[in-house]
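Notes to accompany the following structure.
Protein chains: 2
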Amino acid sequence: MALIVQKYGGTSVGSADRIRAVAARIARRVQAGDRLVVVVSAMGDTTDELLALAREMTDAPEERELDLLLSTGEIVSSTLLAMALKHSGHPALALSGAQAGIGTDRRYGRARILKVDPQRIEAALAAGNVVIVAGFQGTTEELDVTTLGRGGSDTTAVALAAALKAERCEIYTDVDGIYTADPRIEPAASKLEAVSYEEMLELASYGAKVMHPRAVELGAVFNVPILVASSFSEAPGTLIGGASMMEQRNKVTGIAADTDVARITVRGVPDQPGIAARLFEPLAEAGISVDTIVQNASVERLTDLTFTVARAEMERALQIVRPVAAAIGAPEALADTHLAKVSVVGAGMQSGPGYASRMFRTLYEAGINIELITTSEIRITCLIDGEKVPVAVRALHKAFELEG
Amino acid sequence: MALIVQKYGGTSVGSADRIRAVAARIARRVQAGDRLVVVVSAMGDTTDELLALAREMTDAPEERELDLLLSTGEIVSSTLLAMALKHSGHPALALSGAQAGIGTDRRYGRARILKVDPQRIEAALAAGNVVIVAGFQGTTEELDVTTLGRGGSDTTAVALAAALKAERCEIYTDVDGIYTADPRIEPAASKLEAVSYEEMLELASYGAKVMHPRAVELGAVFNVPILVASSFSEAPGTLIGGASMMEQRNKVTGIAADTDVARITVRGVPDQPGIAARLFEPLAEAGISVDTIVQNASVERLTDLTFTVARAEMERALQIVRPVAAAIGAPEALADTHLAKVSVVGAGMQSGPGYASRMFRTLYEAGINIELITTSEIRITCLIDGEKVPVAVRALHKAFELEG
Chain S
0 MALIVQKYGG
10 TSVGSADRIR
20 AVAARIARRV
30 QAGDRLVVVV
40 SAMGDTTDEL
50 LALAREMTDA
60 PEERELDLLL
70 STGEIVSSTL
80 LAMALKHSGH
90 PALALSGAQA
100 GIGTDRRYGR
110 ARILKVDPQR
120 IEAALAAGNV
130 VIVAGFQGTT
140 EELDVTTLGR
150 GGSDTTAVAL
160 AAALKAERCE
170 IYTDVDGIYT
180 ADPRIEPAAS
190 KLEAVSYEEM
200 LELASYGAKV
210 MHPRAVELGA
220 VFNVPILVAS
230 SFSEAPGTLI
240 GGASMMEQRN
250 KVTGIAADTD
260 VARITVRGVP
270 DQPGIAARLF
280 EPLAEAGISV
290 DTIVQNASVE
300 RLTDLTFTVA
310 RAEMERALQI
320 VRPVAAAIGA
330 PEALADTHLA
340 KVSVVGAGMQ
350 SGPGYASRMF
360 RTLYEAGINI
370 ELITTSEIRI
380 TCLIDGEKVP
390 VAVRALHKAF
400 ELEG
Chain X
0 MALIVQKYGG
10 TSVGSADRIR
20 AVAARIARRV
30 QAGDRLVVVV
40 SAMGDTTDEL
50 LALAREMTDA
60 PEERELDLLL
70 STGEIVSSTL
80 LAMALKHSGH
90 PALALSGAQA
100 GIGTDRRYGR
110 ARILKVDPQR
120 IEAALAAGNV
130 VIVAGFQGTT
140 EELDVTTLGR
150 GGSDTTAVAL
160 AAALKAERCE
170 IYTDVDGIYT
180 ADPRIEPAAS
190 KLEAVSYEEM
200 LELASYGAKV
210 MHPRAVELGA
220 VFNVPILVAS
230 SFSEAPGTLI
240 GGASMMEQRN
250 KVTGIAADTD
260 VARITVRGVP
270 DQPGIAARLF
280 EPLAEAGISV
290 DTIVQNASVE
300 RLTDLTFTVA
310 RAEMERALQI
320 VRPVAAAIGA
330 PEALADTHLA
340 KVSVVGAGMQ
350 SGPGYASRMF
360 RTLYEAGINI
370 ELITTSEIRI
380 TCLIDGEKVP
390 VAVRALHKAF
400 ELEG
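Protein sequences appear in the order of chains S and X.
Everything in the first sequence is counted per numbering that gives the first Met the number 0, starting at 0 for the first residue and increasing by one.
Everything in the second sequence is counted per numbering that gives the first Met the number 0, starting at 0 for the first residue and increasing by one.
What follows is the structure, encoded as structure tokens:
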């Protein structure tokens, strides 16, 4: 009678037929003896359609109302899945985020889960129900509905697994696991049976679209084993954080690539204390995630400051950065979108030298120029020309001997 | 600074353009100095589309999940209207039924409002907001979402007007008021400036589709003046219960017709005490509204029992009645849908004789057979052949001198 939290993404519940298929999968697990809490995303393009409706009303929808609007998408899919389950003879209860006890702060559109009160879910499980929870949403103390932003439904699932002390959180999506590289780019990429939280975090943060780093982070904090697998097949998937990582078969786990990169450069920044804070604090307040910050060497007490953001955030970031740049006397802020990141990730790298030099040499031999380099303990990332990503990934996959 | 509760129906908010038009109407009222609470239905066919999705899952959707599903329709329209208002510079707050403090019992699909806690609405009004409330829904003490069933959004509006002690409740719909007869049947029908609650109740119960009797009843109990008017024009509408009814200009207010009638006849019912209760109690428990009950004179201690229900309820009513009929020894239960009701309604009728005979003679002279008669203090209703409704309405409208 293992307690499992499952999560099905928007594609997996994208139509009436697919919802029925998900119900059938759940039913088999229930018959096998598991107790299930199931988190669902909104059906297919529902969220985009609701956003389009909002944009028909106003260019800048109020965040509180937008969250209340968007939260309906997951309520629709969760109630339909509960109906499909009951139709097949399995007691089920659909809960909104509020009903499921998911309490958040008031940061609409990117709320953080503050607490999970699992009483109602536990009572429903004890009564023999499969509990279906609308993902991506929670509620403030004032009963205002919030949405969790990117990776929201994954985060709901991992948070519930932690609060319920579930044996495992299973993320079902349209890919069947984590690969040593994107199989669409490198056909020789092989599926990983297991990765550590840290490796998954780096892979996810640096372009592996399978799972949002935020949910991985939460899993790491609460030590929730997370299985990523396909909702369309019975293939085994990849287990994050569950298996012993004592013996690394390979010091490099995989190659990640991220083409969703916009680079912003502020030219002629006075080299004074406090300038970086003045630039980056307003970006953080606006919820814009910044990475790969590089400050070039100072020439005549002026420096160029470069950082990257997601492409969708570029315009908003520029609107915030330009007045600050003007106020501190920097003559211009430029942006471009032709770059991409490739990263080599592996928990084994921290104990071994030579990984960075092997990466740089491989890219050089493939005729690829490196524009920027950043590293973590278990990752090396290079910014390169976006069009060179496929060549770079295949060359690195080969150089680090990742073929299956 | 009058406090007004308005309600806009599904057609009035059926598209982005229409929502903007409603926002513009509201804005004009706010500029004129009124404080507004606005209840909205779901956009156009949303509720039917959600129902269709549910039916794709199962023939008999669980009522609790169905209510949670259907409640999303009004949340979508209320958030969009709030966005449109804010876009035009008018502070607005959208509230779900739960957030608006609408507490109901647990009868899913046809919940009754038990209490309204208006604190949050009052605070939002005091802060200068137009408050937009998702109609048709409420919440149980356990935070489960309920829907109010037929006439739900009208009922939400009248209940809020009562709880907030609003000056008036304004129901905006696709007709511009209450007429002496359906203008599509009788072009000479004229709009009524005012009607009493009792007259409106009879008109609504007997076929005037403008407003559900349940909301009228609530208005009568709490003495809330209700204006029914068009959301597409500035025509003045009809005021229910607000004006003095001391001097009736005309003892007959209007002619109502209802073609949504199914007749069920149970043949050969033993004429014993308690039999009627055994038949009608299970119908009431199933939430099926029964009217026009007639029991024919007993022959050899056997009688025929006839009643009418809405056509959509006929199959369900038969499924309930047939086993009871068999159990009490009645040989058959029959149903047909070819009948309709025409009614003459008027508060002045109770004090004057001759109305019934004038109605029967008018129908006789128009060649229309009367199958059943029922009366109240201010209404006389005849069941006639459904195809004869237009002829009957025109004849009665003329006989009772209702031409404008």
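Quick reminder that beta carbons are idealized off the backbone N, C-alpha and C, glycines included.
Under the criterion of beta carbons closer than 8 angstroms, A97(S) and A81(S) do not qualify as touching, at roughly 16 angstroms. What T10(S) touches in chain X, judged by beta-carbon distance under 8 angstroms, is nothing: the nearest beta carbon there is about 17 angstroms away. Annotation for K340(X): the continuous beta strand (DSSP E) segment containing it runs L338 to V344.
A distance of 7 angstroms or more separates the beta carbons of Y205(S) and A261(S).
Closest by C-alpha distance to S375(X), out of A316(X), S342(X), V4(X) and V268(X), is S342(X). The criterion of a C-beta distance shorter than 7 angstroms is satisfied by S232(S) and D175(S).
If you ignore the 5 residues before and after R310(X), its C-beta comes within less than 8 angstroms of the C-beta of D259, V260, A261 and T336, all in its own chain and listed in chain order. A direct Cα-to-Cα measurement between I74(S) and E62(X) gives close to 15 angstroms.
In terms of Cα proximity to S76(S), the closest of S95(S), D66(S) and H89(S) is S95(S). Under the three-state reduction of DSSP output, I184(S) falls in the coil class, being neither helix nor strand. Cβ atoms of A355(S) and A391(S) stay farther apart than 8 angstroms, at about 15 angstroms. Under a criterion of Cβ atoms nearer than 8 angstroms, the residues of chain X adjacent to V75(S) are, in order, L49, L52, L68 and T71. The shortest C-alpha to C-alpha distance from L395(S) to any of Y196(S), A188(S) and P212(S) is the one to A188(S).
Along the segment 21–77 of chain X, the alpha helix (DSSP H) occurs as fully enclosed runs of 4 or more residues at 45–56, listed in sequence order.
Taking each of R105(X), H89(X), Y107(X) and A99(X) in turn and checking the Cα distance to V129(X), the smallest one comes out for H89(X). Residues A188 and K190 of the same chain have their beta carbon placed closer than 6 angstroms to that of Y178(X), with the five preceding and five following residues left out of the count. When secondary structure is reduced to three states using DSSP, L191(X) falls in the coil class, being assigned neither helix nor strand.
In the three-state reduction of the DSSP assignment, F306(X) falls in the strand class, which pools E and B.
By a beta-carbon distance limit of 8 angstroms, V215(S) contacts Y196(S). Their separation comes to about 6 angstroms.
Here G43(S) is near G9(S), since their CB atoms are less than 7 angstroms apart. Less than 7 angstroms separates the beta-carbon of A22(S) from that of L84(S). Under the Cβ distance rule, K85(X) counts among the residues neighbouring chain S, one pair being separated by less than 7 angstroms. Burial of S230(X) is indicated by the presence of at least 16 other C-beta atoms within 10 angstroms of its C-beta.
Its Cα nearest to that of A160(S), the residue P224(S) stands out among P224(S), D173(S) and D104(S). Counting only Cβ-Cβ distances below 7 angstroms, P60(X) has contacts in chain S at M82, in chain order.
Under the 8 angstroms Cβ criterion, the segment 49–61 of chain X does not count as touching the segment 138–156 of chain X, having fewer than three qualifying pairs. C-alpha of E299(S) to C-alpha of Q5(S): approximately 57 angstroms in a straight line. Within 8 angstroms of the CB of E121(X), no CB atom of chain S is found; the nearest one sits about 15 angstroms away. Beta bridge pairing from DSSP links P269(X) with L301(X). S95(S) reaches chain X at L67, L142 and V144, counting residues in chain order whose Cβ is nearer than 9 angstroms.
At a C-beta separation below 7 angstroms, E55(S) has these neighbours in chain X: A15.
Excluding five sequence positions before and after K114(S), the CB atoms of its chain that fall closer than 7 angstroms to its own CB belong to G102, given in chain order.
Per DSSP, R378(S) is not a residue of any alpha helix (DSSP H); the beta strand (DSSP E) it occupies stretches across R378 to D384. Each of M56(X), T373(X) and C381(X) was checked against the Cα of A339(X), and the nearest Cα belongs to C381(X). Non-local C-beta neighbours of T71(S) in its own chain, meaning closer than 6 angstroms and more than five positions away in sequence, are absent.
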